[in-house]
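**Student:** This note's numbering numbers the first residue of the sequence shown as 1456 and each following residue consecutively.
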Amino acid sequence: MSSYSDTMPEIETARLLLRPYTPQDLDELAPILSNPAVMRYSPRGPIPKDRVKEVTQETLLIFYKHWQQHGFGV
1456 MSSYSDTMPE IETARLLLRP YTPQDLDELA PILSNPAVMR YSPRGPIPKD RVKEVTQETL
1516 LIFYKHWQQH GFGV
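(1) Measuring CB to CB, does Val1510 end up less than 8 Å from Ile1502?
(2) In three-state terms, what does DSSP make of Ile1531?
(3) Helix, strand or coil for Leu1515 per DSSP?
(4) Exposed or buried, which one is Met1456 when buried takes at least 16 other CB atoms within 10 Å?
(5) Using alpha carbons as the reference points, say which of Leu1472, Asp1482 and Ala1469 lies closest to Thr1514.
What follows is the structure, encoded as structure tokens:
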């Protein structure tokens, strides 16, 4: 999966940087998506503990494809 930073602008404020996801975000995003408290209101729910890396990688790909198809992020 390549980055889509060439099509998604970065937005930076004094306290926040909004940027596209990259494959390098996998290790930091996986614990978030597998946390039941974080994913409480997500239709999919938390990622099962035995599939965290695999499903997170699939999710990053979905985010990437959504941006490419619609011009905005999930």
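Glycine included, every Cβ here is placed at the ideal spot set by N, Cα and C. Just so we're clear, the structure is a prediction, and the values are computed from it rather than from any experiment.
**Tutor:** Working from what's here:
(1) For Val1510 and Ile1502, yes; Cβs fall inside 8 Å.
(2) Residue 1531 falls outside the range modelled here, since the chain spans only 1456 to 1529, and no answer is possible.
(3) helix
(4) At Met1456, the pLDDT of 47 sits below 50, so the modelled position is not reliable; the number obtained from the coordinates is stated separately. Exposed, since its Cβ has fewer than 16 Cβ neighbours within 10 Å.
(5) Of Leu1472, Asp1482 and Ala1469, the residue nearest in Cα terms is Asp1482.
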